[in-house]
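Colleague: So the number in this note's numbering is just where the residue sits in the sequence shown, counting from 1, plus 734.
Structure in structure tokens, see below.
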Amino acid sequence: MVAADDGPLYLGLDLSTQQLKGIPTSLLRFTLTISERNPCSHLLAIIVGPDLKAVARAHVDFDADFGPSYGITKGVRTRPSTGEVYAPVALWLESLDLVLHRLTTAGASLHRVRGVSGAGQQHGSVYWAADAARALATLDPARPLVTQLAGEDVLAHPWSPNWQDHSTQAECDAFDGALGGRDRLAEVTGSGAHHRFTGPQIMRLRRVHPDVYARTARISLVSSWLASVLLGRIAPIDASDACGMNLWDMSSARWHPDLLSLAAGDSVAASRLRAMLGEPCLDAARPLGPVAGYFAARHGLRADCQVLPFTGDNPATLLALPLRPGDAIISLGTSTTFLMHTETAAPDADHHYFNHPTTPGHYMFMLCYKNGGLARERVRDDLPGAADGSWAAFDRAIAETPPLDIQGGRAKMGLYFDLRETVPNLRAGTWRFTCAAADGSDLRVAEAWPAATDARLIVESQALGGRRRVRAGRRAQGPVGSGAARRADGG
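Have a look at this one:
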């Protein structure tokens, strides 16, 4: 579909775990919900007009389009022996060219796009080498991005750690102790230490791959990396996205010197790490500059098309609806995420606070469960009739199974952690229990029960776990589900 007039258009890009998506929109900060059908490994692009109606869209599904080339599953590669989960940066470069090409072949009027922004999977990091600045500034429109920005002279590390990574327990222990305890770390940075957070990831990279760290000239988050490619120079990290690093002091709006010293090795090395990170962007509405000439010449964007700051996928999801303070979104994506707009912060080690991505002095409250959509998909696939990936059998099992599947005065409960969970910090596994339905007493371990019961209980357990922790934070007003995930879809 294409617009009928010659008015301005705006492009939004969403670089998730499994896809790259592009969406043109006329908002100052272009935001996307990330729970679409199979949304977790893609690049999505959408173009909207002044009325905010989408006029064109395209996406790249990483597995479908590039899976065999990069050896990925659900957008990533894994190393179970170490807990590492990582994505090839070259894949994202190929996907950016491809998604813009698909917009063009679909009839999108890229020459009318006045601005571009978007979101990237949170916590992931990209490590630029010394020649990155020159390579970004001299992109040749006759050559694909991957041939110019994926070499060792441009990327110090070809891989980007993914938010599902859980290889950093030793580093998390160090971060939790750095300021006097996990609770104090949460007070300063908005979160206790988590495996996926960028600070522990940088610290581990320095320990495990010292040669890579030594070659690193700049470090971007995934969101600022995508902005950098479009801009033709290293873009600043968004302040809201920086809150997912365990390095950003939220109250003073600066990198915390002691945490930089921990990640870098000492106070002298901390100065170099500060320079590698750069100073974050504190004004989300101020354009960073025009797109690189590459995108005008190769893909037909306007030469004066402005790049605005990109943010993380979770802050972007918060902006996808006009939330008032106290309103919340539940995003049923690869992870299950609860987001709420708040006017004050009450940090706690069991949940997260971020600076609000667009409203100074406001915050985003977040609960994030690693075992979200993928765990639901696994339970779905165990049901008869679900081999085709349809959610009909899963929905039917939920509707036909009573709450807690109470039978004979006994209620059932389950925990379904296909991956090591973050909150609570618990190893992968499935645990099933029964208890007295009247008061929850007489807890007993159960071996197994019908797959239909698991379908009901995984939804109940995820909902109850979220409610318990939200009550410890703030009471939400009117939560809504984001995207096409609806009741059960595990995107």
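Ideal placement from N, C-alpha and C gives every residue a C-beta, glycine not left out.
#1: Is it true that the CB of residue 864 sits closer than 7 angstroms to the CB of residue 792?
#2: Hey, how far is the Cα of residue 1041 from the Cα of residue 1024?
#3: Apart from the five residues just before and just after residue 886, which ones in its own chain have a Cβ nearer than 7 angstroms to its Cβ?
#4: Taking the straight line between their C-alpha atoms, what separation do you get for residue 773 and residue 821?
#5: On the DSSP bridge list, what partners appear for residue 1086?
#6: Using C-beta distances below 6 angstroms, list every residue in its chain close to residue 1199, excluding the 5 sequence neighbours before and after it, in chain order.
#7: Please report the distance separating the alpha-carbon of residue 818 from that of residue 1129.
#8: What does the alpha-carbon distance come out to for the pair residue 1078 and residue 1017?
#9: Does the beta-carbon of residue 1223 have 16 or more other beta-carbons within 10 angstroms, so that it is buried, or is it exposed?
#10: Is the Cβ of residue 1169 closer than 7 angstroms to any Cβ of chain B?
#11: May I ask you to report which of helix, strand or coil DSSP gives residue 986?
#12: Does the segment 992 to 1004 come close enough to the segment 903 to 923 to have 3 or more Cβ pairs within less than 8 angstroms?
#13: Checking the sheet assignment: what are the DSSP bridge partners for residue 1226?
#14: Considering only DSSP beta bridges, list what residue 1015 is partnered with.
#15: Specify the secondary structure class of residue 1093 as computed by DSSP and reduced to three states.
#16: If you check the beta carbons only, do residue 823 and residue 889 fall under 7 angstroms apart?
#17: Is the beta carbon of residue 966 sitting closer than 7 angstroms to the one on residue 1026?
#18: When you compare only the Cα positions, how much space is there between residue 972 and residue 851?
#19: With a 10 Å radius around its C-beta and 16 neighbouring C-beta atoms as the bar for buried, classify residue 1179 as buried or exposed.
#20: Going by C-alpha to C-alpha distance, which of 1183, 800, 855, 1033 sits closest to residue 874?
#21: Classify residue 764 as helix, strand or coil using the three-state DSSP reduction.
#22: Secondary structure at residue 1068, three-state DSSP: helix, strand or coil?
#23: Measure the C-alpha to C-alpha separation of residue 1088 and residue 921 and round it to an integer number of angstroms.
#24: Taking a contact to mean a Cβ-Cβ separation below 7 angstroms, would you say residue 975 touches residue 957 in this structure?
#25: Are the beta-carbon atoms of residue 930 and residue 959 separated by less than 7 angstroms?
#26: What first and last residue would you give for the alpha helix (DSSP H) that runs through residue 775?
#27: With respect to the beta strand (DSSP E) encompassing residue 1149, which residues constitute its N-terminal and C-terminal limits?
#28: Please go through the same chain and pick out, in chain order, the residues whose beta-carbon is closer than 7 angstroms to the beta-carbon of residue 902, but skip the five residues on each side of it.
#29: Tell me residue 886's beta-bridge partners as DSSP assigns them.
#30: When you compare the segment 1092 to 1100 with the segment 1068 to 1077, are there three or more beta-carbon pairs, one atom per stretch, that lie closer than 8 angstroms?
#31: At 3 residues or longer, and completely inside the segment 1031 to 1071: list those beta strand (DSSP E) runs for me, N to C.
#32: Compute the Euclidean distance between the alpha carbons of residue 799 and residue 745, then round it to the nearest angstrom.
Modeller: Taking the structure as given:
#1: The residue labelled residue 792 in the question sits at position 58 within the sequence shown. The residue labelled residue 864 in the question sits at position 130 within the sequence shown. Cβ distance not < 7 angstroms, so residue 792 and residue 864 don't count as in contact.
#2: On the sequence shown, residue 1041 is found 307 positions in, with the first residue counted as 1. On the sequence shown, residue 1024 is found 290 positions in, with the first residue counted as 1. Their Cα atoms are separated by approximately 6 angstroms.
#3: Sequence index remark: in the sequence shown, residue 886 carries index 152 (1-based). The beta carbon of residue 886 sits closer than 7 angstroms to the beta carbons of 863 from its chain, once the five residues preceding and following it are set aside; these are given in chain order.
#4: For this step, residue 773 is matched to residue 39 along the sequence shown. For this step, residue 821 is matched to residue 87 along the sequence shown. Caution applies to residue 773, whose pLDDT of 41 falls short of 50 and renders its modelled position unreliable; the value that the coordinates give is listed next. Taken atom to atom, the span from the alpha-carbon of residue 773 to that of residue 821 is near 16 angstroms.
#5: If you number the sequence shown from 1, residue 1086 lands on position 352. The beta-bridge partner set that DSSP reports for residue 1086 consists of 1100.
#6: Stepping through the sequence shown from its first residue, residue 1199 is reached at position 465. By the criterion of a C-beta distance shorter than 6 angstroms, residue 1199 is surrounded by no residue of its chain, once the five residues flanking it on both sides are discounted.
#7: Counting from 1 along the sequence shown, the entry for residue 818 is found at position 84. Counting from 1 along the sequence shown, the entry for residue 1129 is found at position 395. For residue 818 and residue 1129, the distance between alpha carbons rounds to 33 angstroms.
#8: Taking the sequence shown and counting its residues from 1, one reaches residue 1078 at position 344. Taking the sequence shown and counting its residues from 1, one reaches residue 1017 at position 283. For residue 1078 and residue 1017, the distance between alpha carbons rounds to 19 angstroms.
#9: Taking the first residue of the sequence shown as 1, we reach residue 1223 at position 489. With a pLDDT of only 38 at residue 1223, under the threshold of 50, the placement of this residue in the model should not be trusted, and no figure is reported.
#10: Among the protein chains of the structure shown there is no chain B, as only one such chain exists.
#11: If you number the sequence shown from 1, residue 986 lands on position 252. Of the three classes helix, strand and coil, the one that applies to residue 986 here is coil, per DSSP.
#12: Yes, since at least three Cβ pairs between the segment 992 to 1004 and the segment 903 to 923 fall closer than 8 angstroms, the two stretches touch.
#13: An answer regarding residue 1226 cannot be provided, because it is not within the stretch 735 to 1225 covered by the chain.
#14: By one-based count along the sequence shown, residue 1015 stands at place 281. According to DSSP, residue 1015 bridges with 972.
#15: For the purposes of this step, residue 1093 is taken as residue 359 along the sequence shown, with counting starting at 1. Of the three classes helix, strand and coil, the one that applies to residue 1093 here is coil, per DSSP.
#16: Along the sequence shown, one-based indexing puts residue 823 at 89. Along the sequence shown, one-based indexing puts residue 889 at 155. With respect to the 7 angstroms criterion, residue 823 and residue 889 are classified as neighbours on the basis of their beta carbons.
#17: Here residue 966 corresponds to residue number 232 of the sequence shown, with the count starting at 1. Here residue 1026 corresponds to residue number 292 of the sequence shown, with the count starting at 1. Residue 1026 is positioned such that its CB atom lies closer than 7 angstroms to that of residue 966.
#18: One-based indexing of the sequence shown puts residue 972 at position 238. One-based indexing of the sequence shown puts residue 851 at position 117. Straight-line Cα distance between these residues: approximately 12 angstroms.
#19: One-based indexing of the sequence shown puts residue 1179 at position 445. So residue 1179 counts as exposed.
#20: Within the sequence shown, numbered from 1, the residue matching residue 874 stands at position 140. Closest option to residue 874, Cα to Cα, is 1033.
#21: Position 30 of the sequence shown holds residue 764. Confidence in residue 764 is poor, its pLDDT being 36 and thus under 50, which makes the residue's placement unreliable; the coordinate value appears in the next sentence. In the three-state reduction of the DSSP assignment, residue 764 falls in the coil class.
#22: For this step, residue 1068 is matched to residue 334 along the sequence shown. Residue state, collapsed to three classes: coil.
#23: Indexing the sequence shown from 1 puts residue 1088 at position 354. Indexing the sequence shown from 1 puts residue 921 at position 187. When rounded, the distance between both Cα atoms is 11 angstroms.
#24: Translated into positions along the sequence shown, residue 975 becomes position 241. Translated into positions along the sequence shown, residue 957 becomes position 223. Result yes, Cβ atoms of residue 975 and residue 957 sit closer than 7 angstroms.
#25: Taking the first residue of the sequence shown as position 1, residue 930 is located at position 196. Taking the first residue of the sequence shown as position 1, residue 959 is located at position 225. The criterion of a C-beta distance shorter than 7 angstroms is not satisfied by residue 930 and residue 959.
#26: By 1-based counting over the sequence shown, the position of residue 775 is 41. Taken as a continuous stretch (DSSP letters only), residue 775 belongs to no alpha helix (DSSP H), being part of the beta strand (DSSP E) at 775 to 782.
#27: The residue labelled residue 1149 in the question sits at position 415 within the sequence shown. Per DSSP, residue 1149 belongs to the beta strand (DSSP E) from 1144 to 1151.
#28: Reading the sequence shown from its first residue, position 168 is the one you call residue 902. Contacts found: 929, 934, 935, 938.
#29: Here residue 886 refers to the residue found at position 152 when the sequence shown is read from its first residue. Assignment of beta-bridge partners to residue 886 by DSSP yields no partner.
#30: Three or more beta-carbon pairs separated by less than 8 angstroms link the segment 1092 to 1100 to the segment 1068 to 1077, which places the two stretches in contact.
#31: Listed in chain order, the complete beta strand (DSSP E) runs (minimum 3 residues) inside the segment 1031 to 1071 are 1061 to 1066.
#32: Residue numbering aside, residue 799 sits at position 65 when the sequence shown is read from its first letter. Residue numbering aside, residue 745 sits at position 11 when the sequence shown is read from its first letter. In this structure, the CA atom of residue 799 is about 22 angstroms from the CA atom of residue 745.
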